[in-house]
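Here the protein sequences come in this chain order: A and B. Quick note on this note's numbering: the first sequence kicks off at 569 and runs consecutively. Quick note on this note's numbering: the second sequence kicks off at 61 and runs consecutively. Notes to accompany the following structure.
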Amino acid sequence: LPLQSGDKDNWLLAEKYLRRFYGLPAGLQGRQRSSGPFETKMEEMQRFFKLKVTGKLDDNTLELMKQARCGVPDIGEYN
Amino acid sequence: HFPRHPKWPNNNITFRIVNYTPDLKKSDVDRAIRNALNVWTDVTPLTFKKLHEGIADIMISFGSKEHGDYNPFDGPNGLLAHAYPPGQGIGGDTHFDEEENWTIDSSAYNLFFVAAHELGHALGMSHSTDAGALMYPVYSYTTGYPLSEDDIEGIQALYGPNPNQRKVKPKPDTPDKCDPMLTFDAVTELRGETIIFKDRFYWRLHLQMPEPVQTLIKSTWPSIPNKVDAAYEYPEKDLVIIFSGIRMWALNGYNLVDGYPKYIHKLGFPKKVREIDAAVHIGDTGKTLFFADEKYWSYDEATGTMDSGYPRSIEEDFPGMGDEVDAAVYRYGYLNFFHDQMQYEYSYTYRKVIRIMRTNSFLNC
């Protein structure tokens, strides 16, 4: 069944967050949610923020992604 | 640091404030930026010279959405600002999202704190995983000296220390929940969750959350101090009372109750009591126990008075507990006392210690 619109918004937010701050490669939406790169980047983000490392978009992770923050990526270069 | 550790090749750096936000007076922006630069000059040999025209090493500006560098902002909240690592051209440049509400206090996004963070990037600092560090990526408002030991170590690894450094007191590293020597400052219930205070932080524990969540105290309650001595919940009035020094605050959920802070002596403590070590409300009896040094008091919440015959000795009335308490909480009929790195589960019914564990086991370590 299609995701509820609220869930879809959360996934999009997470994808955008990981792309911006953790270098998740751009790709087709929908394919990435359960894929290796998405899960790997999610784990990286959870490890950075000392959250429970699940690779999944849980409530604590989502709450943190919504917080106001600096626009510089957490890993890698910024140019 | 960023990959390849970019840094400015010499210690004399120029900056220019290209434009200003209408949210603040020009003098407030100038002061915030200057103070933010001073945060870093205090601990390094760096000096900053202000230019009023032309190209400076660090060009500071306010812009919105797409503002010329292909890294657009996103309107209110979300992204607040960004800065580029040291280098030619855009290197060192610092941009603030004009669509934020910039302030000089805690009412919205404090320009000084965001500027200090971004200028850290402009000098070569990357993000820190330490939630108490200035270079932590998520915004928080705090009081006191802004740099943590992690920040100072990072910037001095690039530029060295300030040869004329005045004595600074950096924020200590973030408490580690699995530190075997962990001690607690205060513990309380809050609407079904357990709140544990330690230094500038608190952990939230919930039965349904296996991992405690750590947050800066000031991020949730900007008006209570960075150090909490004791705390307890009075569920009948949906209040949590926080103690720090000779003052106490009442919180209704996440809101400060009007009329607080008040002096702790309003509760009936003698003037010589300058600090409460621990506090716990026993719902079954309607009493709140307060612990200070080797003594404790019993307070009747219904009448708002101290019970007669107090203070009494902790060691005599709670055998097996030692003579002092750092924190206490009442759960499932047991009093959990915390003293140094040990935790004592005390049966209020049978008046004895049932279990002794390490303090950090309370955080599922």
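All C-beta atoms, glycine included, are put in the ideal place defined by N, C-alpha and C.
(request) Please state whether DSSP places W68(B) in a helix, a strand or coil. (result) Coil at W68(B), not helix or strand.
(request) Starting from R264(B), follow its DSSP beta bridges and name the residues at the other end. (result) In the DSSP output, where bridge partners are listed per residue, R264(B) has I255(B), V273(B).
(message) Assuming S121(B) and V78(B) are in contact, meaning their beta carbons sit under 8 Å apart, how far apart are those beta carbons, in whole angstroms?
(response) Contact between S121(B) and V78(B) holds: CB atoms are separated by about 4 Å, below the 8 Å threshold.
(message) Can you confirm whether A636(A), when its beta carbon is compared against all beta carbons of chain B, has any partner nearer than 8 Å?
(response) For A636(A), the nearest CB of chain B lies under 8 Å from its own CB, placing it at the interface with that chain.
(message) For the alpha helix (DSSP H) containing R418(B), name the first residue and the last one.
(response) Bounds of any alpha helix (DSSP H) do not take in R418(B); it lies within the beta strand (DSSP E) bounded by 412 to 418.
(request) Just grab the DSSP bridge partners of F350(B) for me. (result) Paired residue(s): A339(B), W357(B).
(request) Would you decide whether S208(B) is buried or exposed? Buried here means 16 or more other CB atoms lie within 10 Å of its CB. (result) By the 10 Å Cβ count, S208(B) comes out buried.
(message) Across the segment 339 to 346 of chain B and the segment 285 to 304 of chain B, are there enough close Cβ pairs to call them in contact, namely three or more that are closer than 8 Å?
(response) Put simply, the segment 339 to 346 of chain B touches the segment 285 to 304 of chain B. At least three CB pairs are less than 8 Å apart.
(request) Decide if G644(A) is buried, meaning its Cβ has at least 16 other Cβ atoms within 10 Å, or exposed. (result) Exposed, by the Cβ-count rule.
(message) On the CB-based measure, 16 or more other CB atoms within 10 Å of its CB, does M610(A) come out buried or exposed?
(response) Its Cβ being crowded by 16 or more others within 10 Å, M610(A) is buried.
(request) Kindly indicate if chain A contains any beta-carbon less than 8 Å away from that of H142(B). (result) Yes, its Cβ sits closer than 8 Å to a Cβ of chain A.
(request) Please report the residue range of the alpha helix (DSSP H) in which W281(B) lies. (result) For W281(B), no alpha helix (DSSP H) encloses it, and the DSSP letter there is neither H nor E.
(message) Comparing C-alpha positions only, which one of E253(B), G319(B), E335(B), H65(B) sits nearest to H181(B)?
(response) Of E253(B), G319(B), E335(B), H65(B), the smallest CA-CA separation from H181(B) is found for H65(B).
(request) Starting from E556(A), find everything on chain B with Cβ-Cβ shorter than 8 Å and list it in chain order. (result) Because chain A is modelled from 569 through 647, residue 556(A) falls outside the range shown and cannot be assessed.
(request) Report all residues from its chain with a CB closer than 7 Å to the CB of C425(B); omit the five preceding and five following residues, and keep chain order. (result) So the qualifying residues of the chain are K237, C238.
(request) Write down the C-beta distance between N222(B) and T104(B) rounded to the nearest angstrom, noting that I regard them as a contact closer than 8 Å. (result) Indeed, because the Cβ distance is near 6 Å, the residues count as touching under 8 Å.
(message) So L276(B) and A191(B) are supposed to be a Cβ contact under 8 Å. How far apart are they, rounded?
(response) Right, their Cβ atoms sit about 7 Å apart.
(request) Decide if S188(B) is buried, meaning its Cβ has at least 16 other Cβ atoms within 10 Å, or exposed. (result) Around the beta carbon of S188(B), 16 or more other beta carbons lie within 10 angstroms, which makes this residue buried.
(message) With a threshold of 8 Å between beta carbons, is N161(B) in contact with chain A?
(response) Not one chain A Cβ lies under 8 Å of N161(B).
(message) Counting C-beta neighbours from all protein chains within 10 Å, is the total for Q403(B) 16 or more, i.e. buried, or is it exposed?
(response) Buried.
(request) For V247(B), write down the residues that DSSP places opposite it in a beta bridge. (result) Under DSSP, the beta-bridge partners assigned to V247(B) are I256(B).
(request) Return the first residue and the last residue of the alpha helix (DSSP H) that T101(B) is part of. (result) Per DSSP, T101(B) belongs to the alpha helix (DSSP H) from 86 to 101.
(request) Quick one: give me the first and last residue of the beta strand (DSSP E) that E405(B) is part of. (result) From DSSP, the beta strand (DSSP E) with E405(B) extends over 402 to 407.
(request) Check each candidate in V640(A), A636(A), P641(A) and name the one with the smallest Cα separation from A168(B). (result) Comparing alpha-carbon positions, the option among V640(A), A636(A), P641(A) lying closest to A168(B) turns out to be A636(A).
(request) Look up R334(B) in the DSSP assignment and give the residues it is bridged to. (result) According to the DSSP secondary-structure assignment, R334(B) is paired through a beta bridge with no residue.
(request) Please confirm if K624(A) has its CB atom under 8 Å from at least one CB of chain B. (result) Nearest CB-CB separation between K624(A) and chain B: not below the 8 Å threshold.
(request) Using the DSSP secondary-structure output, state which residues sit across from N121(B) in a beta bridge. (result) A small fix is needed here, since residue 121(B) is Ser in this sequence, not Asn. S121(B) has H155(B) as its beta-bridge partners, per DSSP.
(message) Taking a contact to mean a Cβ-Cβ separation below 8 Å, would you say D344(B) touches S358(B) in this structure?
(response) Not closer than 8 Å, so no.
(request) Closer than 8 Å by beta-carbon distance: list the chain A residues that pair up with E271(B), in chain order. (result) Annotation: Cβ neighbours of E271(B) in chain A (cutoff 8 Å, chain order): L619, K620, N628.
(message) So L580(A) and L586(A) are supposed to be a Cβ contact under 8 Å. How far apart are they, rounded?
(response) Between L580(A) and L586(A), the beta carbon gap of about 11 Å keeps them out of contact (Cβ cut-off 8 Å).
(request) Output yes or no for whether 8 Å exceeds the beta carbon distance between A388(B) and F422(B). (result) It is not a contact, given that the beta carbons lie outside the stated cut-off.
(request) May I have the straight-line CA-CA distance separating L242(B) from K618(A), to the nearest angstrom? (result) Using only the alpha carbons, I get a separation of about 18 Å.
(request) Leaving out five residues on either side along the sequence, give the residues of the same chain with a beta carbon under 8 Å from the beta carbon of A582(A). (result) Same-chain partners within the cutoff: M610, L625, T629, L630, M633.
(request) Below 6 Å CB to CB, which residues in the same chain sit around Y370(B) once its five sequence neighbours on both sides are set aside? (result) Excluding residues within five positions, the ones whose Cβ falls inside 6 Å are W357, S358.
(message) Considering only DSSP beta bridges, list what F397(B) is partnered with.
(response) In the DSSP assignment, the residues bridged to F397(B) are A388(B), Y404(B).
(message) Pop quiz: E153(B) and Y144(B) are said to be a contact at Cβ under 8 Å. What is the actual Cβ separation, rounded to whole angstroms?
(response) Before going on, a small fix: residue 153(B) reads as Asp here, not Glu. Y144(B) and D153(B) do touch by the CB rule: their CB atoms are close to 5 Å apart, below 8 Å.
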